[in-house]
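Quick notes on the structure that follows.
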Amino acid sequence: MVHKAKGFSASARGPQGNPTRGTTHTQRMRRVDRWLLASHASALRHGSPLVVDLGFGAAPVTTVELFERVRALNPRARVTGLEIDPERVREASRAAREGLSFAHGGFEVPTAERPAVIRLFNVLRQYQEADVPEIWERLTSRLAPGGLVVEGTCDELGRRAAWVGLDASGPRTLTLATQLASLEAPSDLAERLPKALIHRNVPGERVHALFKAMDAEWAASTAVAPFGLRQRWRFMAARLKAAGWAVLDDDHRWRQGELTFAWEAVAP
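Under the working numbering, the first residue of the sequence shown is numbered 900, with each subsequent residue one higher.
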């Protein structure tokens, strides 16, 4: 990410957005990709859907990994990596192959057809919170019917991540995902919240209340701690759901160190 946000203007010509720092790492996106292939499988399994990886960074490694994962689900699926830096596109094009391409572009998503999925990670952190709704709207307007935007943030090694799932109607979900061995308390994940929520983790905001509830249930789960961190996470998730939090997933996803909430539960 750049150090100073320049803001976002949808009226600017050419690729929309600012260059990112470009940091990348193998397997950094494995948690979001695993969730994506499970939650959006029906849209990716049929035909030859297009998936866009927006802002792939200085090297295309995570785009290539996304391509390989999507192709394992559907050998006819296609992936396009977009970058606002032309030099990064030129370098990445060395990895192109049938079904995998790279192009110059930003939030305008200049693909010939509408994508079934747009994934962008660690991109919006450089912008102002006020920029996010306009960028989200611009991205979702490019989706194919039934399409999904996945926008979020993760740490350098992909151990902790949080992302928002959006469709044509706007934000629908917030997912928190973690390598459980790296976690002391669920609120550790707050530092990876997407831009729309990162500054909202303060008293009086819904996302702050969620993390307080998660930490409380995590503390209450010490009785199952001897059975392992996975059991402790599952116990916490079940108690949150029973307490009325809008938990949308089930034990199968909890076992992966994930929790997905309805956006209304955390919306500013």
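Positions of the beta carbon are idealized from the N, C-alpha and C atoms, including for glycine.
Check	Outcome
Beta-bridge partners of His1003, as assigned by DSSP	Glu982
Inter-residue CB distance, Gln915 and Phe1006 (contact presumed, cutoff 8 Å)	4 Å
Beta-carbon contacts of Ser1086 that lie in its chain and below 6 Å, excluding the five residues immediately before and after	Phe1110 and Asp1114
Bounding residues of the beta strand (DSSP E) (the contiguous stretch that carries Pro959)	Careful: Pro959 lies outside any beta strand (DSSP E) and carries neither H nor E.
Which of helix, strand or coil DSSP assigns to Leu1082	coil
Identity of the residue in Arg930, His1098, Thr919 and Gly921 nearest Trp1153 by Cα	Arg930
Ala1064 versus Ala1124: straight-line alpha-carbon distance, rounded	Strictly speaking, residue 1064 in this sequence is Gly, with Ala absent from that position. C-alpha separation (whole angstroms): 31 Å.
Complete alpha helix (DSSP H) runs within the segment 1075-1140 (minimum length 4 residues, chain order)	1094-1097 and 1105-1119
Selected residue, minimal CA-CA separation from Val1048, among Thr1072, Ala1060, Gln1027 and Asp1054	Thr1072
Leu1079 vs Leu1147 beta-carbon contact at 7 Å	no
Selected residue, minimal CA-CA separation from Arg897, among Gly954, Gly946, Glu964 and Ser947	The first residue shown for the chain is 900 and the last is 1167, placing residue 897 beyond what the model contains.
Classification of Thr1052 by the beta-carbon crowding that lies within 10 angstroms, buried from 16 upward	buried
Range of the contiguous alpha helix (DSSP H) that encloses Asp932	Arg929 to Ser938
Whole-number beta carbon distance between Val951 and Val1031, since they are thought to touch under 8 Å	Not confirmed; about 18 Å, so no contact.
Whether Leu943 touches Asn973 by CB criterion (7 Å)	yes
Own chain partners of Thr962 with C-beta closer than 6 Å, once the 5 adjacent residues on each side are dropped	Asp952, Phe955 and Gly980
Status (buried if at least 16 other CB within 10 Å, exposed otherwise) for Val1101	exposed
8 Å contact criterion, which Leu1042 and Pro1070 should meet: CB distance rounded	Not confirmed; about 13 Å, so no contact.
Straight-line Cα distance separating Lys1094 from Ala1060	13 Å
Three-state secondary structure (DSSP) of Glu990	helix
Buried versus exposed call for Leu1056 [16 or more other C-beta atoms within 10 Å across all chains shown]	exposed
Contacting residues, own chain, Cβ-Cβ under 7 Å from Lys903 (five flanking each side not counted)	A caution first: Lys903 carries a pLDDT of 38, below 50, which makes its placement in the model unreliable, though a value can still be read off. Excluding positions up to five away in sequence, the list is empty.
Distance between Thr1077 and Arg1058 (C-alpha atoms, nearest Å)	6 Å
Host beta strand (DSSP E) of Asp952 (start-end)	Leu949 to Leu953
Span of the beta strand (DSSP E), counted from its first residue to its last, around Trp1062	Arg1059 to Asp1066
Assigned exposure category for Glu1157 - 16 Cβ within 10 Å defines buried	buried
Nearest-angstrom Cα separation, counted from Val969 out to Leu1023	24 Å
For Ala1118 and Ile983, the rounded distance between their alpha carbons	44 Å
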